[in-house]
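Following full-length UniProt numbering, the numbering of the sequence shown begins with 1 at its first residue and continues without gaps.
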Amino acid sequence: MRLRHLRDVRRGENQVCPHQEQPGFTHDGSFAERVAVRYARTNLVALPDEVSFDVAATLGCRYATAWRAVHRRARVRAGERVAVYGCGGLGLAAVLIAARAGAEVTAVDRSPDALRLARTLGATHTSDGADAAPNDAHVSLECSGHPALVDAAVRALRRRGRHVQIGLLPGGAHVAMDAVIAKELDVLGSHGLAAHEYPALLADLPHGEVAAMIGGHVDLDGAQHALAHLGERAGVVLVHP
């Protein structure tokens with residue numbers, strides 16, 4: 001079993017290795033003044049001088065995760081129609097990356113502020129409910145982890161479309177397998193981004209647009225309040241130690 005885990009890592013597939021350790025999940029995360037980085041030789045990424053700490057803080061489980069989902073899993077092509085469900089930090093990043101790939105992007109969210117920000121990041125259409133989302137998308141990207149949106153996102157695809165599930169779901173979530181079979185849909189999962197892929201991401205990072213995703217700043221003392229009110233403001237809230 002351990003040899004198989006090592007083969008996953010040697011193939012560069014760290015993000016799907018069965019034996020994973022993730023800050024904030026398996027051990028303490030980054031709400032601290034200092035953080036211990038385990039397996040640093042594998043997991044640390046050199047930050048280019050032109051990338052600010054604030055922009056770097058938006059990458060992690062937002063821009064980097066969306067980058068892999070759009071480019072490596074969905075393989076979005078110019079001219080395709082992409083529907084992004086859920087426009088928190090992850091969804092907004094997906095909107096930006098898909099738009100930069102030349103796609104026609106529809107952003108779906110209940111928050112007017114989130115939809116306005118999605119427009120500035122490249123969404124050509126917005127919807128405040130899944131029922132009004134396009135029903136002929138080539139690609140759907142579900143970024144909220146809401147079970148009802150998963151079903152809607154799959155059903156909204158055109159024939160032989162691709163659904164990528166990025167948002168974390170509770171166990172037992174329903175997937176519209178009748179539509180998957182009848183329309184020959186591809187249903188794909190996407191989980192983070194391995195550290196060795198960061199140089200490709202950083203080489204084409206749109207600094208200004210990524211900075212526009214930042215919706216606020218708090219210190220460590222304000223982190224708990226910010227978490228409790230996450231849905232009340234658009235964009236990413238940065239916590240400064």
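From the three backbone atoms N, C-alpha and C, an ideal C-beta is built for every residue, glycine too.
Classified as exposed, Ser30 has fewer than 16 neighbouring CB atoms from the shown chains inside 10 Å of its CB.
Of all C-beta pairs linking the stretch 47-62 to the stretch 163-183, fewer than three are shorter than 8 Å, placing the two stretches out of contact. A direct Cα-to-Cα measurement between Arg68 and Gly222 gives close to 31 Å. For the options His19, Asn14, Gly88, Cys17, the alpha carbon positioned closest to that of Val236 is the one of Gly88.
With 16 or more other CB atoms across the displayed protein chains lying within 10 angstroms of its CB, Asp109 is buried.
With distances taken between CA atoms, Ala66 lies nearest to Val164 out of Ala226, Met177, Val164, Val187. One Cα belongs to Gly172, the other to His146, and the distance between them is close to 12 Å. Sorting Tyr85, Glu209, Pro199 by C-alpha distance to the C-alpha of Arg155 places Tyr85 at the top. One alpha carbon belongs to Ser127, the other to Ala212, and they sit about 21 Å apart. Arg77 counts as exposed, since fewer than 16 other C-beta atoms from the protein chains shown sit within 10 angstroms of its C-beta. Straight-line spacing of the CA atoms in Ala74 and Glu209 works out to 22 Å. Separation of the CB atoms of Ala83 and Ser144 is rounded to 12 Å, and the pair is thereby denied contact status at 8 Å. When beta bridges are read from the DSSP output, Gln165 appears opposite Glu142, Gly189. Under the three-state reduction of DSSP, Pro112 is assigned to helix. One alpha carbon belongs to Asp186, the other to His138, and they sit about 10 Å apart. Relative to Gly189, the option among Ala46, Thr42, Arg162 whose CA is nearest is Arg162. Closest option to Ala32, judged by alpha-carbon separation, among Pro23, Tyr39, Ala40: Pro23. Cα atoms of Arg159 and Ile181: separation of roughly 10 Å, rounded to the nearest angstrom.
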